[in-house]
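Visitor:
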Ligand SMILES: Nc1ncnc2c1ncn2[C@@H]1O[C@H](COP(=O)(O)OP(=O)(O)OP(=O)(O)O)[C@@H](O)[C@H]1O
Ligand SMILES: [Mg+2]
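In our numbering, the protein residues as written are 5 to 329.
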């Protein structure tokens, strides 16, 4: 929630001001940690809270490769909510925060994955009652005649109440200018943010440049989205780590030669496709294809018998048919 989260090159002066709209709810107080629950007379500086609610979220975050800025942001939000709870109990004013966010990054950089984790964190901390994620794009919001768009958009906001409304490629709403129904969707969203202040969190996602342009062309918008998060492209090493962890999750493992081949291929692909390279999603597709190839190979290879456990787990260089992924 500070300069770290902003797009590179964006100065602090350009940051949207914080705005109050999500009120930390007290009706469903988050279970506070042991340390926080102790009487106020206890001295400061002893055991740290156990980060009860955060442990589960942390586990999910730890499975993600890289994304350090996001991991820090999650802890900042958690800390803020936790301390607000303590302040409330101590009879102090509790701050109010806006949690609407902009996620900027290329395809497959983890935006949807992180949005799901954010939804869970907010639900566990009592900010959102349900913690579900409604993921939409322009076509879901924009209608075909006057009034249709407002209706479609309002319906989706209603579905998102208690959770997160995540709009992918949000900049496309502004693409058609004043006369486009996209503008009606934006206006309806802005109104919904007022009407249902603390009942849902809106996340707008899209490519860096386009999201910057989108926010600039709508002067009322930046201040409504105080949390802006960058999702950088993954390095080759990070993509390989993602591949290895995806394989492990599915009880597979790559032979070293297969990893070397994948590395080389990713280097080439990243250079060739620049902005269209789909990072983690590309890797996932490669893995799923390799798993299918391995299955076919094993069936051909073991016509009379069954492969052993190790063989069932192993993805070999010949299973990576990278030209077809
Ligand atoms: N840091 C990461 N660690 C492990 N896996 C990741 C990471 N980032 C993305 N992935 C995986 O890559 C795939 C794509 O991620 P995700 O759908 O979250 O990206 P996205 O930014 O929403 O993409 P798009 O813009 O195309 O919608 C998922 O299978 C996800 O699990
Ligand atoms: Mg996505």
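Positions of the beta carbon are idealized from the N, C-alpha and C atoms, including for glycine.
Grab the span of the alpha helix (DSSP H) containing residue 78 for me, first residue to last.
Guide: 72 to 93 is the extent of the alpha helix (DSSP H) around residue 78.
Visitor: Is DSSP giving residue 234 helix, strand or coil here?
Guide: The answer is strand: DSSP assigns residue 234 an E or B state.
Visitor: Would you identify the three-state DSSP class for residue 257, choosing helix, strand or coil?
Guide: In the structure shown, residue 257 sits in a strand (DSSP, three-state: E or B).
Visitor: Mind listing, in chain order, the continuous alpha helix (DSSP H) runs of no fewer than 4 residues lying wholly within the region 151 to 222?
Guide: If we require 4 residues or more, the alpha helix (DSSP H) runs fully inside the region 151 to 222 come out as 152 to 164, 185 to 199, 212 to 221.
Visitor: Cβ-heavy atom distance between residue 91 and ligand 1 below 7 Å?
Guide: Residue 91 Cβ: outside cutoff for every heavy atom of ligand 1.
Visitor: Using a threshold of 7 Å, is the CB atom of residue 108 nearer than that to any non-hydrogen atom of ligand 2?
Guide: No - ligand 2 has no heavy atom lying nearer than 7 Å to the Cβ of residue 108.
Visitor: Where does residue 135 land, buried or exposed, given buried means 16+ other C-beta within 10 angstroms?
Guide: That one is buried.
Visitor: Runs of 3 residues minimum, wholly inside the region 275 to 315: which ones carry the beta strand (DSSP E) assignment?
Guide: Taking only runs of at least 3 residues, no beta strand (DSSP E) segment lies wholly in the region 275 to 315.
Visitor: Give the range of the alpha helix (DSSP H) segment to which residue 125 is assigned.
Guide: Looking at the DSSP string, the run of the alpha helix (DSSP H) that includes residue 125 is 115 to 128.
Visitor: Just reading off the beta strand (DSSP E) that residue 108 is part of, what are its end residues?
Guide: Segment 105 to 109, the beta strand (DSSP E) holding residue 108.
Visitor: Shorter than 8 Å from the beta carbon of residue 159 to some beta carbon of chain B?
Guide: Among the protein chains of the structure shown there is no chain B, as only one such chain exists.
Visitor: Can you tell me where the alpha helix (DSSP H) holding residue 65 begins and where it ends?
Guide: Per DSSP, residue 65 belongs to the alpha helix (DSSP H) from 56 to 66.
Visitor: Please output, in chain order, the residues near ligand 2 using a CB cut-off of less than 6 Å to any non-hydrogen atom of the ligand.
Guide: Residues with a Cβ closer than 6 Å to any heavy atom of ligand 2, in chain order: 115, 116, 172.
Visitor: So does residue 280 have its beta carbon nearer than 7 Å to some heavy atom of ligand 1?
Guide: Result no, Cβ not under 7 Å from ligand 1.
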